[in-house]
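In the working numbering, the protein residues as written are 5 to 280. The C-beta atom is built at its ideal place from N, Cα and C for all residues, glycine as well. Fair warning: this is a prediction, and the values are worked out from it, not measured in the lab. See below for the structure under consideration.
So, in structure tokens, the structure goes:
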């Protein structure tokens with residue numbers, strides 16, 4: 005049984021990631037500062053939220069002391085661009101970003117009613133349709149993202165149509181968000197984890213900062229590996245528009261999360277082929 009919908013662009017994206025020969029996939033993330041200036045930088049793709057493709061939420065990580073952290077906190081509108089050279093395929097994802105750290109995490113609101121159970125075209129399982137809402141940084145995101153700890157319990161139950169209607173689905177808990185932070189942290193290489201203990205990015209170079217950088221690099225700064233966690237954060241991208249350009253086949257598609265004039269959506273994605 006599926007409790008979360010996989011957006012139609014996700015299988016294409018996952019397939020592209022899987023065919024990329026590089027040791028990791030990087031992409032460009034654009035944010036806007038308080039003066040309206042855009043800022044674009046290259047970041048590393050860190051997979052889907054909770055390591056679950058059905059969340060439709062792509063993740064990267066950041067140092068809290070970098071500009072994009074405060075920019076996203078002030079203005080959640082972002083755009084991400086992935087280019088897969090081996091496929092000659094580009095993905096542009098537009099949507100809302102959320103910071104996940106010990107002080108912040110997405111406020112997810114799962115509407116409990118009305119709920120509509122629909123038969124999947126691929127198998128005999130049931131999928132739960134829950135509305136999604138575009139929101140500002142200070143408002144909850146209404147999205148079909150169920151607590152991973154609850155999902156693990158639900159998968160052990162009798163997945164029948166009758167019991168589906170009785171489930172009181174819960175959004176991710178504080179513990180779920182904490183575990184997600186540690187999951188991403190633990191997957192980083194040791195040199196990258198060390199970088200979160202270095203002087204603030206873009207700060208002035210001084211004799212003291214050079215000495216600290218050198219001592220961290222040699223592992224003699226006297227700090228534990230987890231000391232950098234205080235500066236570590238996960239960035240989650242909730243896309244509501246995905247533009248896919250396939251230069252190899254000279255094709256282009258736009259996937260859009262439907263909404264009305266008030267910015268509310270029923271979680272339905274439309275797909276349209278457009279001129280490349």
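Check for me: the alpha helix (DSSP H) holding residue i runs from which residue to which?
{"i": "residue 182", "result": "178–191"}
{"i": "residue 281", "result": "Since the first residue of the chain shown is 5 and the last is 280, residue 281 is not available in this structure."}
{"i": "residue 194", "result": "194–199"}
{"i": "residue 154", "result": "152–158"}
{"i": "residue 212", "result": "211–221"}
{"i": "residue 19", "result": "14–23"}
Could you please give me the residues that DSSP links to residue i through a beta bridge?
{"i": "residue 30", "result": "48"}
{"i": "residue 99", "result": "82 and 243"}
{"i": "residue 43", "result": "35"}
{"i": "residue 93", "result": "88 and 250"}
{"i": "residue 104", "result": "238"}
Identify, in the order they occur along the chain, each residue of the same chain with its Cβ nearer than 7 Å to the Cβ of residue i, setting aside the five sequence neighbours on each side.
{"i": "residue 8", "result": "58, 59, 148, 149 and 150"}
{"i": "residue 219", "result": "225"}
{"i": "residue 264", "result": "For residue 264, the pLDDT reaches just 48, beneath the cut-off of 50, and the residue's location in the model is therefore unreliable, leaving the point undetermined."}
{"i": "residue 103", "result": "73, 76, 77, 237 and 239"}
{"i": "residue 50", "result": "63, 64, 65 and 188"}
Is residue i near the ligand ZN - that is, is its Cβ less than 6 Å away from at least one heavy atom of it?
{"i": "residue 9", "result": "Among the ligands in the structure shown, none appear at all, so the ligand ZN cannot be discussed."}
What are the boundary residues of the beta strand (DSSP E) that residue i is part of?
{"i": "residue 281", "result": "Absent from the model: residue 281. The displayed extent of the chain is 5 to 280, so no value can be given."}
{"i": "residue 274", "result": "273–277"}
{"i": "residue 255", "result": "255–261"}
With 16 other CB atoms within 10 Å as the buried threshold, where does residue i fall?
{"i": "residue 39", "result": "exposed"}
{"i": "residue 19", "result": "exposed"}
{"i": "residue 253", "result": "exposed"}
{"i": "residue 195", "result": "exposed"}
{"i": "residue 212", "result": "exposed"}
{"i": "residue 176", "result": "buried"}
{"i": "residue 107", "result": "exposed"}
{"i": "residue 172", "result": "exposed"}
{"i": "residue 84", "result": "buried"}
{"i": "residue 178", "result": "exposed"}
{"i": "residue 241", "result": "buried"}
Report all residues from its chain with a CB closer than 6 Å to the CB of residue i; omit the five preceding and five following residues, and keep chain order.
{"i": "residue 87", "result": "94"}
{"i": "residue 272", "result": "262"}
{"i": "residue 201", "result": "220, 227, 231 and 232"}
{"i": "residue 4", "result": "Only positions 5 to 280 of the chain appear in the structure, and residue 4 is not among them; the question remains open."}
{"i": "residue 276", "result": "258"}
Excluding the 5 residues preceding and the 5 following residue i in the sequence, name in chain order all residues of the same chain whose CB lies nearer than 8 Å to its CB.
{"i": "residue 43", "result": "34, 35, 36, 37, 71, 72 and 75"}
Handout entry: Segment contact, 8 Å Cβ cut-off, at least three pairs: the stretch 148–157 with the stretch 64–73
Key = no
Practice task
Report yes or no: do the stretch 204–223 and the stretch 12–31 share at least 3 C-beta pairs separated by less than 8 Å?
Solution key: no
Practice task
Could you say if the stretch 253–264 and the stretch 102–111 meet the contact criterion of at least three C-beta pairs nearer than 8 Å?
Solution key: Contact check between the stretch 253–264 and the stretch 102–111: fewer than three CB pairs, one atom from each, fall below 8 Å, which does not count as touching.
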